[in-house]
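Residue numbers (my numbering), protein chains in the order written: chain A, 102 to 506; chain B, 102 to 506. Where is the CB? At the ideal position from N, CA and C, for every residue including glycine. Taking it in order: structure first as structure tokens, then the write-up.
There are 2 protein chains.
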Amino acid sequence: MSEAELSINLKLEIIKEKHAQIFDILTENGIDCWLVFTRETDITPDSIMELVVGNSVVLQSAFIFAIENNKLKKIAIVGNFDANAEKEKQIWDEVIGYTLGINELLQQTMERFNPKTIALDYSKNDVSADGLSYGMYLILEEILQKYKNRFISAEAIIRALRGRKTKKEFEYIKKACILTEEINKRISSLLKVDLSELEIQKMFYDLVKECNVGYAWQKHQNPMCDAGPDKEFGHVTPQPKIYTKKGHTLHNDFGIKYHDYCSDLQRMWFFGKKEDLPRELQHAIETIVQAIQLAADSIKPGLRGWEVDELVRDFIKMRGYEEFKHSLGHQVGLKAHDGGVLMGPLWERYGESPNLLLEERQIFTIEPSIKTPNYGMVALEEMIIITKDGCEFLIPPLKDFIYIE
Amino acid sequence: MSEAELSINLKLEIIKEKHAQIFDILTENGIDCWLVFTRETDITPDSIMELVVGNSVVLQSAFIFAIENNKLKKIAIVGNFDANAEKEKQIWDEVIGYTLGINELLQQTMERFNPKTIALDYSKNDVSADGLSYGMYLILEEILQKYKNRFISAEAIIRALRGRKTKKEFEYIKKACILTEEINKRISSLLKVDLSELEIQKMFYDLVKECNVGYAWQKHQNPMCDAGPDKEFGHVTPQPKIYTKKGHTLHNDFGIKYHDYCSDLQRMWFFGKKEDLPRELQHAIETIVQAIQLAADSIKPGLRGWEVDELVRDFIKMRGYEEFKHSLGHQVGLKAHDGGVLMGPLWERYGESPNLLLEERQIFTIEPSIKTPNYGMVALEEMIIITKDGCEFLIPPLKDFIYIE
Numbered sequence: 102m103s104e105a106e107l108s109i110n111l112k113l114e115i116i117k118e119k120h121a122q123i124f125d126i127l128t129e130n131g132i133d134c135w136l137v138f139t140r141e142t143d144i145t146p147d148s149i150m151e152l153v154v155g156n157s158v159v160l161q162s163a164f165i166f167a168i169e170n171n172k173l174k175k176i177a178i179v180g181n182f183d184a185n186a187e188k189e190k191q192i193w194d195e196v197i198g199y200t201l202g203i204n205e206l207l208q209q210t211m212e213r214f215n216p217k218t219i220a221l222d223y224s225k226n227d228v229s230a231d232g233l234s235y236g237m238y239l240i241l242e243e244i245l246q247k248y249k250n251r252f253i254s255a256e257a258i259i260r261a262l263r264g265r266k267t268k269k270e271f272e273y274i275k276k277a278c279i280l281t282e283e284i285n286k287r288i289s290s291l292l293k294v295d296l297s298e299l300e301i302q303k304m305f306y307d308l309v310k311e312c313n314v315g316y317a318w319q320k321h322q323n324p325m326c327d328a329g330p331d332k333e334f335g336h337v338t339p340q341p342k343i344y345t346k347k348g349h350t351l352h353n354d355f356g357i358k359y360h361d362y363c364s365d366l367q368r369m370w371f372f373g374k375k376e377d378l379p380r381e382l383q384h385a386i387e388t389i390v391q392a393i394q395l396a397a398d399s400i401k402p403g404l405r406g407w408e409v410d411e412l413v414r415d416f417i418k419m420r421g422y423e424e425f426k427h428s429l430g431h432q433v434g435l436k437a438h439d440g441g442v443l444m445g446p447l448w449e450r451y452g453e454s455p456n457l458l459l460e461e462r463q464i465f466t467i468e469p470s471i472k473t474p475n476y477g478m479v480a481l482e483e484m485i486i487i488t489k490d491g492c493e494f495l496i497p498p499l500k501d502f503i504y505i506e
Numbered sequence: 102m103s104e105a106e107l108s109i110n111l112k113l114e115i116i117k118e119k120h121a122q123i124f125d126i127l128t129e130n131g132i133d134c135w136l137v138f139t140r141e142t143d144i145t146p147d148s149i150m151e152l153v154v155g156n157s158v159v160l161q162s163a164f165i166f167a168i169e170n171n172k173l174k175k176i177a178i179v180g181n182f183d184a185n186a187e188k189e190k191q192i193w194d195e196v197i198g199y200t201l202g203i204n205e206l207l208q209q210t211m212e213r214f215n216p217k218t219i220a221l222d223y224s225k226n227d228v229s230a231d232g233l234s235y236g237m238y239l240i241l242e243e244i245l246q247k248y249k250n251r252f253i254s255a256e257a258i259i260r261a262l263r264g265r266k267t268k269k270e271f272e273y274i275k276k277a278c279i280l281t282e283e284i285n286k287r288i289s290s291l292l293k294v295d296l297s298e299l300e301i302q303k304m305f306y307d308l309v310k311e312c313n314v315g316y317a318w319q320k321h322q323n324p325m326c327d328a329g330p331d332k333e334f335g336h337v338t339p340q341p342k343i344y345t346k347k348g349h350t351l352h353n354d355f356g357i358k359y360h361d362y363c364s365d366l367q368r369m370w371f372f373g374k375k376e377d378l379p380r381e382l383q384h385a386i387e388t389i390v391q392a393i394q395l396a397a398d399s400i401k402p403g404l405r406g407w408e409v410d411e412l413v414r415d416f417i418k419m420r421g422y423e424e425f426k427h428s429l430g431h432q433v434g435l436k437a438h439d440g441g442v443l444m445g446p447l448w449e450r451y452g453e454s455p456n457l458l459l460e461e462r463q464i465f466t467i468e469p470s471i472k473t474p475n476y477g478m479v480a481l482e483e484m485i486i487i488t489k490d491g492c493e494f495l496i497p498p499l500k501d502f503i504y505i506e
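This is the structure we're talking about:
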């Protein structure tokens, strides 16, 4: 049995933990009704379904979390063939199945709660809170015409729900990191000069298979493998004709999936002895290691994402490098890029996400990068969880290149 | 290497075949520009990306198919880290990378083409054409404010593009069917009485692993296994305490993924000799087999989906059964439920999809079901491809129960 995916029973445990967070989150945000409206989730998934429902549905389906008499009521309205599966799970106060159409049932349910606000899964800023398709929005506008002016974005709900990792979520992500590091260590014992990037990626594939885990993002870019000075890190697949060489570096960006949860780590190797490391690379790796520690020392609840990014960005510039062309760190969870708050600059492309607040129990990457004149890019990526007054690394951070002599 | 997913190179071959269809499809529909606007597709995927781009992207990205001087121009505007990957593929006339934001680049490109229509991936009716999220629609409204009144649904484009299976797509789907049938046959040789549904599902899991293929839909419901008379077919997971018994039936609904493409077939077994088959089951299976043949004899390009559904639905009623509470058949492709035209009734829940036209090279399931008074549900599911003037089964249809003596 693969360790990549959670079994249906373990998945239900997580869903129950997440359901238990919803009442507080709705109350904090002054929202009395959250409606997840979806259909054929195998083809147009709403990613929040993984956390609050746990399986795909076929026909138009409504999952309603509403506050009634200061209590959370949870209602599922689904097609007849999906109704039994929802009942089986015993997580809903009511499961309503239908044969012909959902419209009337959904209208009746809204009349019953008559909520002040109806939070829907759309967001300009937070990609993880944007699961409602435009076609489904148009359908909902027709069905709930009367309530249209009560529609609001559910981004605050989803940000909190994805962000606040439960004990089990933390455990799975930490285990994913540990397994990633184990695979990296085993690769270290196999690495040598004159291997192509593609051959190295293949070595990772074999170990991923052996460990029975999955991939945190698309496999042909996972791990990314960058050998030597000529590649800009990013989304270029490992090449068959770029080889490891003495005196060069190797970089990877690698994430696995364990029990549905992701890791996302970058590591770097140097082909040669530590005493042969060029000063240029020495200065670069020290800068990256210090930058990561600087971020970890600064991160705490209540800061805005851009504040940490700016601190590290300025440090990198102060050390004489150009600023990196990406964000410092993103959240990790069911997805490698898990949405919500971003520790990034206030660039147009990131919208409002760097302006949001860091909060306890969010899990982030820290991944600064720099470019050296003669040896190419240098970067590491670590993962931390935010605590009451700071943060903790999920696994010990790398402090230097890994040397392959 | 798993046979479930296409390698990146084989995927590119399919994408090139699909790109070659786009000019005609745009022209037929009088559309001069199609814009796929997306971001972080690992968390909010637009399913058409699999057919026209082939990999996920991180930042806001625009993939533009526009007609200029009677020729198709294909442009990708993506974040800096995704630009090299797009260039590598050599499928775009232009690849534009950006660091800060997409707005101006997208505006400039639209000014250059000044299209009469801008088709976007939203649809109330066709779930496969509804990949644009509401948040992304709101962003696009702002960026392309000037062009807002030219926005139309891309559903006609996507329906044709997903529906018209190329030679390679057909080949992969057919192979998926053949492998599914092989697994079913091997299971037949292992089946006996007193196995639980869950044990039987486990036997399928082992063979799927051995064949190195994937699952066409979520694994805990694939295959569905229904033993004996007490379950309504649908999405209820196989149970640990429902057992096969002499004189009872076993039903499954099973689909695999081979090279990214799906199969979706239902088979039925009877525990006993053919001469011991109760008349009730005899009549039921004959009805199902005849209903499938009736559909296959009727299907041809130019019919509307509901016409075939109604024919079969009426036949089932004429044979003395209640009508089935689902559609007769759906398209199959990259997804088991592949959207587009539906051979289904004109019920509210199906929107306009049964009103659309059958077309050459669409691949459909045919899956009527009936309920017998004493032996539970009886159903089979076959797959056909529509030809110039009719249709052909992808693999020979089952004509009777499979007998386990």
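Taking a contact to require three or more Cβ pairs closer than 8 Å, the region 458-477 of chain B and the region 243-254 of chain B do not qualify as touching. With the rule of 3 Cβ pairs closer than 8 Å, the region 355-364 of chain A does not count as touching the region 445-461 of chain A. Put simply, the CB of GLY421/B is far from chain A, with every gap to its CB atoms at 8 Å or more. If you check the CB distance, TYR451/B and LEU382/B do not come in under 8 Å.
Those residues of the region 229-241 of chain B placed with their C-beta closer than 8 Å to a C-beta in chain A are SER229, ALA230, ASP231, GLY232, LEU233, SER234, TYR235, GLY236, MET237, TYR238, LEU239 and ILE240, ordered along the chain. With distances taken between CA atoms, LEU435/B lies nearest to TYR273/B out of GLU408/B, TYR273/B and HIS349/B. Against chain A, a Cβ distance below 9 Å from ILE486/B picks out nothing, because the smallest value is about 20 Å.
GLY430/B and LYS175/A have their C-alpha atoms roughly 33 Å apart. Chain A places no beta carbon closer than 8 Å to that of GLN432/B, leaving this residue out of the contacts. Where THR128/B is concerned, the enclosing alpha helix (DSSP H) starts and stops at 109-129.
Look at VAL159/A: its C-beta is under 8 Å from a C-beta on chain B. In the three-state scheme derived from DSSP, where H, G and I count as helix and E and B as strand, HIS431/B is classed as coil. Look at THR142/A here: in three-state DSSP terms it is coil, with no helix or strand label. Taking all protein chains in view, the Cβ of ASP410/A is crowded by 16 or more other Cβ atoms within 10 Å, so the residue is classified as buried.
At a cut-off of 8 Å between beta carbons, GLN319/A contacts chain B.
For LEU160/A, the closest alpha carbon among the candidates VAL153/A, ARG140/A and VAL154/A is that of ARG140/A. DSSP places VAL309/A within a helical segment (H, G or I) once states are collapsed to three. The region 314-326 of chain B and the region 298-306 of chain B touch, with three or more beta-carbon pairs separated by less than 8 Å.
By DSSP's assignment, GLN367/A forms a beta bridge with ASP354/A and GLU482/A.
Using a 10 angstroms sphere on the CB of LYS293/B, the tally of other CB atoms stays under 16, which defines it as exposed.
Using a Cβ distance threshold of 8 Å, VAL153/B and THR142/B do not count as a contacting pair. Within the region 137-150 of chain A, the residues whose Cβ lies closer than 9 Å to some Cβ of chain B are ARG140, GLU141, ASP143, ILE144, THR145, PRO146, ASP147 and SER148, listed in chain order. Separation of the CB atoms of LYS188/B and ILE486/B is rounded to 36 Å, and the pair is thereby denied contact status at 8 Å. Shown here is that no member of the region 381-407 of chain A has a Cβ falling below 8 Å from a Cβ of chain B. Residue contact check for LEU201/B against chain A: a CB pair falls below 8 Å.
Of the residues assessed, LYS375/A falls on the exposed side of the cut-off, its CB having fewer than 16 other CB atoms within 10 angstroms. For MET444/B, there is no enclosing alpha helix (DSSP H), since its DSSP letter is neither H nor E.
Taking each of LEU366/A, ILE197/A and ILE288/A in turn and checking the Cα distance to TRP318/A, the smallest one comes out for LEU366/A. For GLU169/B, the beta-bridge partners assigned by DSSP are LYS172/B. Residue burial is scored here from C-beta neighbours: GLN246/B has fewer than 16 other C-beta atoms within 10 angstroms and is therefore classed as exposed. With a beta-carbon spacing of about 11 Å, SER428/B and VAL442/B fall beyond the 8 Å limit used to define contacts. Under the DSSP assignment, PHE182/B falls in the alpha helix (DSSP H) whose first and last residues are 181-190. The three-state reading of DSSP puts ASP327/B in strand, counting E and B together.
Membership of ILE471/B in the beta strand (DSSP E) is indicated by the continuous run 470-473.
Neighbours of GLY440/A across chain B, judged by C-beta separation under 8 Å: GLU141 and ILE144. Non-local C-beta neighbours of ILE279/B in its own chain, meaning closer than 7 Å and more than five positions away in sequence, comprise ILE496, ordered along the chain.
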